[in-house]
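The structure appears right after this line, and notes come after that.
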Amino acid sequence: MPACFAFDLFLRFLPMTATPARYTLVPHAAHPAPAVAGITVDVAAQGNGGLQLAYRLTGDLAALRLPTPAAPVEPDRLWAHTCFEVFLRRGGEAYREYNFSPSGQWAGYAFGAYRQRLGHVALPAPHLEWQGAEGSLSLRVTLPAEALPAGPGDLLLALTTVVEPAEGPLSYWALAHPAGPPDFHHRDGFALALPLALPDL
114 MPACFAFDLF
124 LRFLPMTATP
134 ARYTLVPHAA
144 HPAPAVAGIT
154 VDVAAQGNGG
164 LQLAYRLTGD
174 LAALRLPTPA
184 APVEPDRLWA
194 HTCFEVFLRR
204 GGEAYREYNF
214 SPSGQWAGYA
224 FGAYRQRLGH
234 VALPAPHLEW
244 QGAEGSLSLR
254 VTLPAEALPA
264 GPGDLLLALT
274 TVVEPAEGPL
284 SYWALAHPAG
294 PPDFHHRDGF
304 ALALPLALPD
314 L
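Each residue of the sequence shown is one higher than the one before, starting from 114 at the first, in my numbering.
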């Protein structure tokens, strides 16, 4: 999207406080989901150095495929179905990815560089609170400080969501999409910078 670069620069200068700030995700132009009215994420720092994310998807949920606890999906393929996601990095090439499925499952991955996964690194578990209502699906995620990449510099976030319609291809939502096909791992997708300093662990 041509406006992504300017949008990215604007977001990087937003201050981070304990009060949640709301961000709106947008669908990739080539992968819309007409059944989804909108997706927002509220982001707030925690006093203990952790991070809280509150996702909310609104729309016609009956037109979407939502994994359930009774029908869980393969843990390493949560991203192949409806799920909320976050990618986190500091200034280097390494980054982390968390996937959160409506089934209650979650997965976390560590990468040393672009799409170069560091084996089966066990990341700290998030605390998840799911809530469903007519026309909306909400998730509150609390990531402990040790779940975030350590080191100096701002914490860079890519806020993303995969939506699986009942009919048709997957839809990809993000705060900012890089040029070309959907790619949540792309550096340009880390559009939100938080001055959330953590000591080296």
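Cβ atoms here follow ideal geometry from the backbone N, Cα and C, with glycine treated the same way.
Closest by CA to residue i, which one among the options?
{"i": "residue 288", "options": "254, 304, 206 and 217", "result": "304"}
{"i": "residue 204", "options": "299, 267 and 286", "result": "267"}
{"i": "residue 163", "options": "191, 237, 214 and 296", "result": "237"}
{"i": "residue 273", "options": "242, 189 and 169", "result": "169"}
{"i": "residue 206", "options": "213, 189, 224 and 246", "result": "224"}
{"i": "residue 252", "options": "232, 134, 165 and 137", "result": "165"}
{"i": "residue 228", "options": "192, 296 and 188", "result": "296"}
{"i": "residue 193", "options": "306, 282 and 290", "result": "282"}
Considering only DSSP beta bridges, list what residue i is partnered with.
{"i": "residue 327", "result": "Residue 327 cannot be examined here, being either before or after the span of the chain that is shown, 114 to 314."}
{"i": "residue 278", "result": "177"}
{"i": "residue 234", "result": "Answer by DSSP bridge pairing: none, since residue 234 is not bridged."}
{"i": "residue 267", "result": "Note: residue 267 sits in no beta bridge, so no partner."}
{"i": "residue 172", "result": "149"}
{"i": "residue 200", "result": "210 and 271"}
{"i": "residue 140", "result": "286"}
{"i": "residue 221", "result": "211"}
Check this for me: beta carbons of residue i and residue j, under 9 angstroms apart or not?
{"i": "residue 197", "j": "residue 154", "result": "yes"}
{"i": "residue 276", "j": "residue 181", "result": "no"}
{"i": "residue 211", "j": "residue 256", "result": "yes"}
{"i": "residue 141", "j": "residue 278", "result": "no"}
{"i": "residue 177", "j": "residue 149", "result": "yes"}
{"i": "residue 185", "j": "residue 213", "result": "no"}
{"i": "residue 217", "j": "residue 241", "result": "yes"}
{"i": "residue 220", "j": "residue 189", "result": "yes"}
{"i": "residue 161", "j": "residue 258", "result": "yes"}
Do you know how far the Cα of residue j is from the Cα of residue i?
{"i": "residue 261", "j": "residue 250", "result": "25 angstroms"}
{"i": "residue 146", "j": "residue 222", "result": "27 angstroms"}
{"i": "residue 172", "j": "residue 152", "result": "9 angstroms"}
{"i": "residue 269", "j": "residue 159", "result": "16 angstroms"}
{"i": "residue 301", "j": "residue 202", "result": "12 angstroms"}
{"i": "residue 167", "j": "residue 199", "result": "11 angstroms"}
{"i": "residue 286", "j": "residue 264", "result": "28 angstroms"}
{"i": "residue 298", "j": "residue 284", "result": "16 angstroms"}
{"i": "residue 226", "j": "residue 143", "result": "27 angstroms"}
{"i": "residue 246", "j": "residue 174", "result": "9 angstroms"}
{"i": "residue 244", "j": "residue 292", "result": "34 angstroms"}
{"i": "residue 215", "j": "residue 280", "result": "18 angstroms"}
{"i": "residue 135", "j": "residue 191", "result": "25 angstroms"}
{"i": "residue 133", "j": "residue 308", "result": "14 angstroms"}
{"i": "residue 183", "j": "residue 230", "result": "30 angstroms"}
{"i": "residue 248", "j": "residue 232", "result": "38 angstroms"}
{"i": "residue 118", "j": "residue 290", "result": "At residue 118, the pLDDT of 30 sits below 50, so the modelled position is not reliable; the number obtained from the coordinates is stated separately. Taking the straight line from one Cα to the other gives about 9 angstroms."}
{"i": "residue 137", "j": "residue 187", "result": "28 angstroms"}
{"i": "residue 254", "j": "residue 271", "result": "15 angstroms"}
Going by the C-beta, is residue i closer than 8 angstroms to any heavy atom of the ligand PLP?
{"i": "residue 260", "result": "Only the bare structure without any ligand can be found here, which leaves the ligand PLP out of the picture."}
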